[in-house]
Amino acid sequence: MPPIDYSKWDNINTDSEPETSPQQAPAAKPTPATHASPPMGTSGLRETHSKSGHVEAVIVRCEAEKRKFPLWSATTIPVNHDMFSQSVPSVPALIEVPLVLYRTGTQSVNEADLDNQIATSLNIDADSRFAPPEWQSQVGTVVVARKDRRPFYPQHLEGVWMFCDHILDLFGEGEGPPRWLYSRQAFEKWWVNYCEEQKRLRPGKGGERDPDDWRAARSPYQV
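Straight run, no breaks: the sequence shown in my numbering ends on number 235.
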């Protein structure tokens, strides 16, 4: 399997278009409206590692922020963070990797800057392939963690995301929902193959928190 071509998702049309500000009087300087992804609780987000009281998670950046920072990276959140009250999306629930997502409240004058295709893909419905409307646009940067508070590393994020993308590809062939993939056993088999391929292509040196160190990657079911 070749390295991931991120440009594939850069070109996806999410129906978000830049908006211009309302026409102002000639003497006034136009002020563009500021759009924001709806925050789902704002307390306690940290990006420092702690051995107690915090949970390993992954921050996944929207279009605006990924221009300045990595697309995703390891982070930590308090064990009592509000995000753990969120519901688990359809596909992660079926494969028994119980993910929850938290919006950080990214702001931009351009709605397209808030697109987050990874977050949208993680939220697809297993029967219809569509994400809920609130996860289709103006998502912004998100933090992804496990509802059971087990460690969630960048490799796990990539694996679940790519599995969801594989499901979307099969939907695109017109055969309906690929229900044979909707189980822990199916994802475990897919994970082993994907992980082995990435170990050959991306032998990083930073350990489990390094997105490119697949030699250190453990199965999401072994953490």
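For every residue, glycine included, the Cβ atom is placed at its ideal position computed from N, Cα and C.
Please classify residue i as buried or exposed, where buried requires at least 16 neighbouring CB atoms within 10 angstroms.
i, result
"residue 135", "buried"
"residue 152", "buried"
"residue 204", "exposed"
"residue 192", "exposed"
"residue 3", "Nothing about residue 3 can be reported from this structure: the residues present for the chain run from 13 to 235 only."
"residue 234", "exposed"
"residue 54", "Per-residue confidence for residue 54 stands at a pLDDT of 35, beneath the threshold of 50, marking its modelled position as unreliable; the derived number appears in the next sentence. Exposed."
"residue 34", "Here residue 34 scores only 40 on pLDDT, less than 50, and its place in the model is too uncertain to base an answer on."
"residue 79", "exposed"
"residue 208", "exposed"
"residue 6", "No information on residue 6 is available, as it lies outside the stretch 13 to 235 that the chain covers here."
"residue 196", "exposed"
"residue 146", "exposed"
"residue 133", "buried"
"residue 187", "exposed"
"residue 169", "buried"
"residue 217", "exposed"
Give the DSSP bridge partners of residue i, in chain order.
i, result
"residue 156", "70 and 113"
"residue 98", "None, per the DSSP bridge assignment."
"residue 84", "72"
"residue 225", "215"
"residue 90", "66"
"residue 129", "None; residue 129 has no bridge partner."
Give the single residue among the options whose Cα lies nearest to the Cα of residue i.
i, options, result
"residue 173", "109, 119 and 230", "109"
"residue 102", "92, 113 and 93", "113"
"residue 138", "170, 146 and 182", "182"
"residue 70", "78, 85, 81 and 79", "85"
"residue 65", "88, 82 and 126", "88"
"residue 82", "229, 180 and 224", "224"
"residue 230", "165, 196 and 178", "165"
"residue 201", "98, 232, 93 and 144", "232"
"residue 104", "218, 157, 187 and 188", "157"
"residue 98", "199, 159, 215 and 213", "159"
"residue 130", "72, 119 and 96", "72"
"residue 125", "217, 163 and 77", "77"
"residue 198", "178, 213, 163 and 95", "178"
"residue 95", "161, 215 and 217", "161"
Since residue i contacts residue j with CB under 8 Å, what's their CB separation in whole angstroms?
i, j, result
"residue 100", "residue 111", "6 Å"
"residue 115", "residue 67", "So it is not a contact: roughly 17 Å between Cβ atoms."
"residue 128", "residue 176", "Not a contact, Cβ separation roughly 13 Å."
"residue 227", "residue 211", "6 Å"
"residue 194", "residue 171", "Going by Cβ atoms, the distance from residue 194 to residue 171 rounds to 16 Å, so no, they are not a contact pair."
"residue 141", "residue 180", "6 Å"
"residue 123", "residue 167", "That pair is no contact at about 31 Å."
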